[in-house]
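Asker: First residue of the sequence shown? That's 9 in the numbering used here, and the numbers climb one at a time after it.
Every residue, glycine too, gets a C-beta built ideally from N, C-alpha and C.
Because the structure is a prediction, the values reported are computed rather than measured.
Let me give you the structure first, and then I'll get to my questions.
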Amino acid sequence: MAVDYFLKIDGIKGESEDDKHKDEIELIDFEWAEQQSGSFGQGGGGGAGKVKMENFKFRTYLNSASPALMQSCAEGAHIKDATFTCRKAGGGQKEYYKVTMEDIIVSSCHISGGSGEIEEGAWVEGHPVEEVTLNFAKIKWEYHPQKADGSLNSAKTGGYDLKKNKRV
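Okay, here's the thing in structure tokens:
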């Protein structure tokens, strides 16, 4: 399944020309995780520990947002919010997964270049790639399951406030 990834970051303009995501950052890929240590032991009950949320990591080709991301990282500037959108590419373009983050710091920027790579079965000359991580205080998730007819069901949602250590 072909997908498109977009990231809208408050105050940082990307290069997307997409009608629904103009001036957002087009992503190559993304990664995010959380861990719950728990405290189950032999012969007793267990309890939950404090969640460990990983930074939201993404890769994009070097673009007009890159200098602002690097500057924000260097200064430790706080960013109000960012919204990541995942949609099915091609006809219909259904947006089925969104992640909204609040109170963000760009925690790392890493730029690399190379001689090229195979992308979607074709050789692409070596465009510099930027890997960026975002640290956040609050996160919300929204996923829309797809029905058999291709339309989307209502959203399944969740979220967590790390400062308050509770569900949102």
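#1: Starting from leucine 142, trace the beta strand (DSSP E) both ways and give me its first and last residue.
#2: Taking the alpha carbon of tyrosine 13 as the point to measure from, which residue in Glu150, Asn161 and Leu35 has its own alpha carbon closest?
#3: Reducing DSSP to helix, strand and coil, say where arginine 83 ends up.
#4: Grab me the residues of proline 153's own chain with a C-beta within less than 6 Å of its C-beta, minus the 5 sequence neighbours each way, in chain order.
#5: Buried or exposed: alanine 73, going by 16 or more other Cβ atoms within 10 Å of its Cβ?
#6: Indicate the three-state DSSP secondary structure (helix, strand or coil) for serine 15 in the structure shown.
#7: Are isoleucine 87 and valine 114 close, meaning C-beta to C-beta below 9 Å?
#8: Please determine, among Lys96, Tyr69, Gln101 and Phe66, the residue with the shortest C-alpha to C-alpha distance to alanine 10.
#9: Rounded to whole angstroms, what is the Cα-Cα separation between methionine 70 and glycine 134?
Answerer: Concretely, from the data shown:
#1: 137–151
#2: Leu35
#3: The sequence given here has glutamate at residue 83, not arginine. Residue state, collapsed to three classes: helix.
#4: Asn161
#5: buried
#6: Reading the sequence as shown, one finds leucine at residue 15 and not serine. In this structure, leucine 15 counts as strand in the three-state DSSP scheme.
#7: Isoleucine 87 is a Cβ neighbour of valine 114, given a cutoff of 9 Å.
#8: When Lys96, Tyr69, Gln101 and Phe66 are compared, the shortest CA-CA separation from alanine 10 is found for Lys96.
#9: In the sequence as presented, methionine is not what sits at residue 70; that position holds leucine. About 11 Å.
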